[in-house]
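So in the numbering used here, spot 18 of the sequence shown is number 23, and the numbers just go up one at a time.
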Amino acid sequence: MRRFIAILMAAVMMLALCACGSSGSASAPTESAPAQDASANTSAVEDGVLTVGMECAYAPYNWTQMDDSNGAVPISNVPGSYANGYDVMIAKKICEANGWTLEVVSSAWDSLCPAVQSGTMDANIAGQSMTADRMNEVDMAGPYYYATIVCLTTKDSPFASATSIADLAGGKCTSQSGTIWYDTCLPQIPDAELIAPAETAPAMIMALQTGSVDFVCTDLPTAMGAVAKDDNLVILNFSGTDGDFQFASEEERAENVNIGISVRKGNTELLDAINSVLSQMTEDDFNALMDEAIRVQPEV
């Protein structure tokens with residue numbers, strides 16, 4: 006009997022060990038990964054967040070406001086502030102189409118391309134011209150706007166009736182730093198007196214409003230946005246005439262008028278994802294969106 010009990014106990018222990026062994030060798034259940042939005046394009050933006058750089062001080066392309074009215078989004082590095090404008094509206098369309106979350110980061114103009122190159126930003130949507138020099142530094146999607154080059158002066162200015170850049174001869178002028186307006190366009194005006202470039206578009210407009218300069222050179226949306234808020238300003242548009250600013254070729258003119266979105270060199274997945282959205286929009290779509298941005302831009 007004692008031997009029978011020992012054998013029985015050994016059998017029970019063996020069965021227990023076998024049960025434990027089966028449990029240990031089976032694939033342990035794992036926690037399911039969060040389900041991703043089927044519409045999200047995670048190959049182009051790995052974390053699902055498109056981090057976009059812009060000045061947040063370049064109306065009507067982009068500006069800063071203190072609430073989320075008219076669809077403004079938070080500025081991630083300026084707590085309590087919100088970004089809005091044409092660039093934000095375009096960024097939201099790109100994110101909605103790809104299932105991404107939008108993050109806007111305020112950045113100085115000269116820091117935009119370096120931030121994309123270093124990977125701090127995924128993209129810049131900041132009213133940047135698609136120049137050859139810029140496209141040596143970054144790849145650019147677009148265009149997402151076609152921006153005619155114009156001058157802006159005051160109604161009481163002797164230059165208010167100018168019909169060509171020749172009529173602006175001898176005037177004191179400026180533009181925004183790091184732009185073809187300052188580097189290429191203004192020097193074409195005979196005997197132009199160029200003062201130091203403005204760091205931002207608002208500073209450029211302020212120089213005109215305070216009489217520090219006779220006129221400034223900028224693009225049409227910036228000029229339209231300024232005129233919408235100050236009816237003492239006048240747009241001088243020489244496009245399509247012999248008196249317009251000149252470029253070596255129409256291709257060179259196009260690269261300075263076409264506005265694009267910067268991404269890191271070689272980031273073809275993000276470039277293609279952005280272009281797939283922009284290609285569905287027409288020039289009329291762009292203009293209608295810009296009109297809306299001008300309509301809702303704040304007074305200050």
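For glycine and all other residues, C-beta sits at the position ideal for the given N, C-alpha and C. Predicted model, so just to flag it, every value in this text is computed and none were measured.
>> If you reduce the DSSP assignment to three classes, tell me which class Met229 lands in.
In response: Position 224 of the sequence shown, counted from the first residue, corresponds to residue 229. Taken through DSSP and simplified to helix, strand or coil, Met229 comes out as helix.
>> Within 8 Å, do at least three Cβ pairs link the segment 75-95 to the segment 152-164?
In response: Inter-segment contact for the segment 152-164 and the segment 75-95 is absent: fewer than three beta-carbon pairs are separated by less than 8 Å.
> Just the Cα atoms here: how many angstroms apart are Asp42 and Gly104?
Replying inline: Within the sequence shown, the letter at position 37 stands for residue 42. Within the sequence shown, the letter at position 99 stands for residue 104. Its pLDDT being 45, under 50, Asp42 is placed unreliably in this model, and the coordinates cannot settle the point.
> What are the boundary residues of the alpha helix (DSSP H) that includes Thr273?
Replying inline: As a first step, residue 273 must be located in the sequence shown, where it is residue number 268. Unbroken alpha helix (DSSP H) run through Thr273: Thr273 to Leu283.
> Per DSSP, which one or two residues make a beta bridge with Tyr151?
Replying inline: The residue you call residue 151 lines up with position 146 of the sequence shown. Paired residues: Asn263.
>> For a test of the three-state rule: what should DSSP assign to Gly248, helix, strand or coil?
In response: Looking up residue 248 in the sequence shown gives position 243. DSSP places Gly248 in coil when its eight states are reduced to three.
> Considering only the beta carbon of each residue, do Val57 and Leu107 sit closer than 8 Å?
Replying inline: The count along the sequence shown starts at 1 and reaches residue 57 at position 52. The count along the sequence shown starts at 1 and reaches residue 107 at position 102. Yes, the Cβ-Cβ distance between Val57 and Leu107 is below 8 Å.
>> Please return the same chain residues whose Cβ sits closer than 6 Å to the Cβ of Ile99, not counting the five positions on each side in sequence.
In response: Walking along the sequence shown from the start, residue 99 turns up at place 94. Cβ within range, chain order: Ile279 and Val282.
> Would you call Pro84 buried or exposed, if buried means 16 or more other Cβ atoms sit within 10 Å of its Cβ?
Replying inline: Along the sequence shown, one-based indexing puts residue 84 at 79. Burial call: exposed.
> Going by other Cβ atoms of all chains shown within 10 Å of its Cβ, with 16 needed for buried, is Asp224 buried or exposed?
Replying inline: In the sequence shown, residue 224 corresponds to position 219, counting from 1. Counting Cβ neighbours within 10 Å, Asp224 comes out buried, since at least 16 surround it.
>> Using a 10 Å radius around the Cβ and a threshold of 16 neighbouring Cβ atoms, would you call Glu256 buried or exposed?
In response: Indexing the sequence shown from 1 puts residue 256 at position 251. Within 10 angstroms of the beta-carbon of Glu256 lie fewer than 16 other beta-carbons, which makes it exposed.
> Three-state secondary structure (DSSP) at Asn237?
Replying inline: Numbered from its first residue, the sequence shown carries residue 237 at position 232. Three-state DSSP puts Asn237 in coil, outside helix and strand.
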